[in-house]
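So the structure is just underneath, and the comments pick up after that.
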Amino acid sequence: MTFEKLSPKQKQVFKWCYNSDYKAIICDGAVRSGKTICMITSFILWAMRAFNGATFAICGKSVGSAERNIILPLQSVVDITHYFKVTYTRSLHLLTIEGMGKVNYFYIFGGKDEKSYQLIQGITLSGIFLDEVALMPQSFVNQAVTRTLSVENSRYWFNCNPESPEHWFYKDWVLRADEQNALHLHFLMSDNPTLTQKQLDDAERRFSGVFYDRYIKGLWVIADGLIYPFGAEGKATVSSEERQYIRYYISIDYGIHNPFSMGLWGLCNGVWYRFDEYYYSGRKENYDKTDNDYYNDLISFAKDYPIKEIIIDPSATSFIALMQKNCKFRVRRANNDVVEGIRNTATSLQTGKIKICDCCTNTLAEFSSYRWNEKFNEDVPIKENDHAMDDIRYFVNTVLYHQDGFFAQVR
Ligand SMILES: Nc1ncnc2c1ncn2[C@@H]1O[C@H](COP(=O)(O)OP(=O)(O)O)[C@@H](O)[C@H]1O
Ligand SMILES: [Mg+2]
2 MTFEKLSPKQ KQVFKWCYNS DYKAIICDGA VRSGKTICMI TSFILWAMRA
52 FNGATFAICG KSVGSAERNI ILPLQSVVDI THYFKVTYTR SLHLLTIEGM
102 GKVNYFYIFG GKDEKSYQLI QGITLSGIFL DEVALMPQSF VNQAVTRTLS
152 VENSRYWFNC NPESPEHWFY KDWVLRADEQ NALHLHFLMS DNPTLTQKQL
202 DDAERRFSGV FYDRYIKGLW VIADGLIYPF GAEGKATVSS EERQYIRYYI
252 SIDYGIHNPF SMGLWGLCNG VWYRFDEYYY SGRKENYDKT DNDYYNDLIS
302 FAKDYPIKEI IIDPSATSFI ALMQKNCKFR VRRANNDVVE GIRNTATSLQ
352 TGKIKICDCC TNTLAEFSSY RWNEKFNEDV PIKENDHAMD DIRYFVNTVL
402 YHQDGFFAQV R
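For the sequence shown, our numbering begins at 2 and goes up steadily by one.
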């Protein structure tokens, strides 16, 4: 790709590092507004102009997401490749850029990767680029900044989509941009000059509720109200008719006195249907089932479907051990990142990637009462009537969004 057109805001991203005393740039706002591609291109151009033989950091949420969202697109940006030789050595997570008699080194880090944190502690950096910085731990970001302090003329490049207004990045950097000597630019999708009306509509359709306000309107707002308004309005509900499914999973949220919830998922024409559910509350029934009872219920629930894997609440250790012992199913501990899982589930519902069959009445009832806890400044759901909600989240975050999750395969 080439930058044939740049919006006025994008032009500022290309210029700020040459004609100002700013130490940093912060671009926040809507998704697809052209933050990442402009920033990484201008970061590389600046690095190649200002330094030779220097080391830089390019950071994403994980190394994998940085490779997909930054390194891969960068390799097709003609504004870079026309002037420089770009080599990515995957085993070292190292991008080497040469040209105009210079060579510089760009290491890829994942803010959420434990190993990245250890590695970044040891190096001196002339510039740092942090993509989706609000998804990284504050300690990682502080460490990355610290690594630049000994280099004169080092600079920081941050971008993110909004989160809660109590988020540390909003408070420390966005609100204090002046004190930090940072240029703050707020992006909307209208700042991306290449988006077609269809792309705008597609992006808008992906989000609702607080995610719409944050990712489309670009606002730092707290999460309140229903978590899945789209689900609560029945917009993801379909009839329980016969379908030809080609793959099956079961997702489980474990509970003894609290409800134990299972969802049976089938894939048909690219859509995952929750076509059956199991829901048992020890408290309501006045009888707490044992792990063996639940195991027998699981066997009857699974019928003869060829279940690819059971995705389960990672804290259900006794039940996981029992399933392993019986060896009938392949078991995988779920990725239990709550907020990320909710975000992915909301998008999956909204885009029609998952649908709920109308026989799943407990799930549909939970959609109507599953709310954000307004007493917290961070994104925290109210922990009531959230059992089907949890097993859906486990399924989505572990099976549908597995690239960034962890594969803690039980066997
Ligand atoms: N000025 C531009 N010229 C060409 N393509 C652009 C331009 N600005 C953005 N894009 C494209 O628009 C899409 C979204 O941009 P991206 O930088 O990923 O947005 P964000 O990081 O804000 O989510 C990408 O495919 C990107 O290449
Ligand atoms: Mg981006």
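Just so you know, even glycine gets a beta-carbon here, dropped at the ideal spot from N, CA and C. Just so you know, these numbers come straight off a predicted model, no measurement behind them.
Close-in-space but distant-in-sequence residues of the same chain around residue i (CB under 8 Å, 5 per side omitted)
| i | result |
| --- | --- |
| P382 | I228, V339, I343, Y371, R372, W373, N374, M390 |
| S21 | L184 |
| L95 | Y89, Y106, F107, Y108, I109 |
| I81 | T42, I45, L46, L75, V87, I98 |
| I217 | A31, V32, M190, A204, E205, F208 |
| G219 | D29, G30, A31, S34, N162, P163, H187, F188, L189 |
| I300 | K329 |
Assumed close pair residue i, residue j - CB separation to whole angstroms, cut-off 8 Å
| i | j | result |
| --- | --- | --- |
| I129 | T149 | 6 Å |
| W158 | M40 | 5 Å |
| Q11 | D192 | 7 Å |
| K113 | A237 | Rounded, the Cβ-Cβ distance is 29 Å, inconsistent with contact. |
| Q144 | Q122 | 6 Å |
| D359 | S241 | 6 Å |
| A25 | N182 | 7 Å |
| V79 | M2 | 7 Å |
| S252 | G264 | 5 Å |
Under the three-state DSSP convention, the category residue i falls into
| i | result |
| --- | --- |
| R244 | coil |
| H388 | helix |
| F110 | strand |
| A303 | helix |
| K414 | What the structure shows of the chain is the stretch from 2 to 412, and residue 414 is not part of that stretch, so it cannot be assessed. |
| C86 | Going by the sequence as given, residue 86 is Lys instead of Cys. The answer is strand: DSSP assigns K86 an E or B state. |
| E133 | coil |
| I393 | helix |
| D22 | coil |
| T42 | helix |
| I98 | strand |
| E278 | strand |
| P382 | strand |
| R91 | helix |
| I81 | helix |
| G128 | strand |
| Y30 | One point to set straight first is that residue 30 is Gly, not Tyr, in the sequence displayed. Residue state, collapsed to three classes: strand. |
| R177 | coil |
| F188 | strand |
| L268 | strand |
Beta-carbon contacts of residue i that lie in its chain and below 7 Å, excluding the five residues immediately before and after
| i | result |
| --- | --- |
| T362 | none |
| H83 | none |
| Q245 | C269 |
| A399 | Before going on, a small fix: residue 399 reads as Thr here, not Ala. Same-chain partners within the cutoff: I312, R333, A335, N336, G406. |
| T125 | T56, R148, S151, V152 |
| T37 | N70, I71, D132, N160 |
| A233 | L227, F368, S369 |
| A429 | Because the chain is modelled from 2 through 412, residue 429 falls outside the range shown and cannot be assessed. |
| D379 | Position check: residue 379 holds Glu in this sequence, whereas Asp was assumed. Within the same chain, E379 has close Cβ partners S165, E167. |
| R394 | G342, I343, T346 |
| V397 | G342, N345, T346, S349, I355 |
| W17 | Y23, I26, L184 |
Cβ-based neighbour list, residue i, same chain, cut-off 6 Å, excluding 5 preceding and 5 following
| i | result |
| --- | --- |
| T147 | none |
| F320 | Y255, D292 |
| A322 | none |
| W221 | P163, P166, Y171 |
| H388 | D254, P260, S262 |
| Y118 | F141 |
| I247 | L268 |
| Y19 | none |
| D225 | W373, E375 |
| G283 | I257, H258, D289 |
Cβ-heavy atom distance, residue i to ligand 3, below 7 Å
| i | result |
| --- | --- |
| D132 | Ligand 3 is not among the ligands present in this structure, which contains only ligand 1 and ligand 2. |
Min CB distance residue i to chain B below 8 Å
| i | result |
| --- | --- |
| I355 | The chain labelled as chain B is not found in the depicted structure, where only one protein chain is given. |
- [ ] Mind the definition here: the region 269-277 touches the region 203-216 only if three or more C-beta pairs lie below 8 Å; say whether that holds.
- [x] Touching, no, given that fewer than three Cβ pairs across the two stretches are closer than 8 Å.
Open item on the list: Counting beta carbon pairs with one atom in the region 64-75 and one in the region 86-102, are three or more of them shorter than 8 Å?
Closed with: Between the region 86-102 and the region 64-75 there are three or more inter-stretch CB-CB distances shorter than 8 Å, so the stretches are counted as touching.
Task: At least 3 beta-carbon pairs within less than 8 Å: the region 308-328 vs the region 229-240 - done: Three or more beta-carbon pairs separated by less than 8 Å are not found between the region 308-328 and the region 229-240, which leaves the two stretches without contact.
- [ ] Please determine if the region 316-330 and the region 175-188 are in contact, where contact requires at least 3 C-beta pairs separated by less than 8 Å.
- [x] No, the region 316-330 does not touch the region 175-188.
TODO: Tell me the start and end of each unbroken beta strand (DSSP E) in the region 288-368 that is at least 3 residues and wholly inside, in chain order.
DONE: Every unbroken stretch of the beta strand (DSSP E) spanning 3 or more residues and falling wholly within the region 288-368 is given here in chain order: 308-313, 332-334, 355-358.
- [ ] Could you tell me whether the region 22-36 touches the region 97-116, where touching means 3 or more Cβ pairs closer than 8 Å?
- [x] Taking 8 Å as the limit for Cβ pairs, the verdict is that the region 97-116 does not touch the region 22-36.
TODO: Identify every run of the beta strand (DSSP E) within the region 197-266, keeping only runs that are complete inside it and at least 3 residues long; order them along the chain.
DONE: If only uninterrupted beta strand (DSSP E) runs of at least 3 residues are considered, those enclosed by the region 197-266 are 249-254.
TODO: Check whether the region 343-352 touches the region 194-201, taking contact to mean three or more Cβ pairs, one atom from each stretch, closer than 8 Å.
DONE: Inter-segment contact for the region 343-352 and the region 194-201 is absent: fewer than three beta-carbon pairs are separated by less than 8 Å.
Open item on the list: When you compare the region 130-147 with the region 56-66, are there three or more beta-carbon pairs, one atom per stretch, that lie closer than 8 Å?
Closed with: These segments touch.
Task: Whole beta strand (DSSP E) elements within the region 141-170, 3-residue minimum - done: Runs of the beta strand (DSSP E) inside the region 141-170: 156-161.
Task: Whole runs of the alpha helix (DSSP H) within the region 35-79, excluding any shorter than 4 residues - done: At a cut-off of 4 residues, the continuous stretches assigned as alpha helix (DSSP H) that sit fully inside the region 35-79 are 36-51, 64-67.
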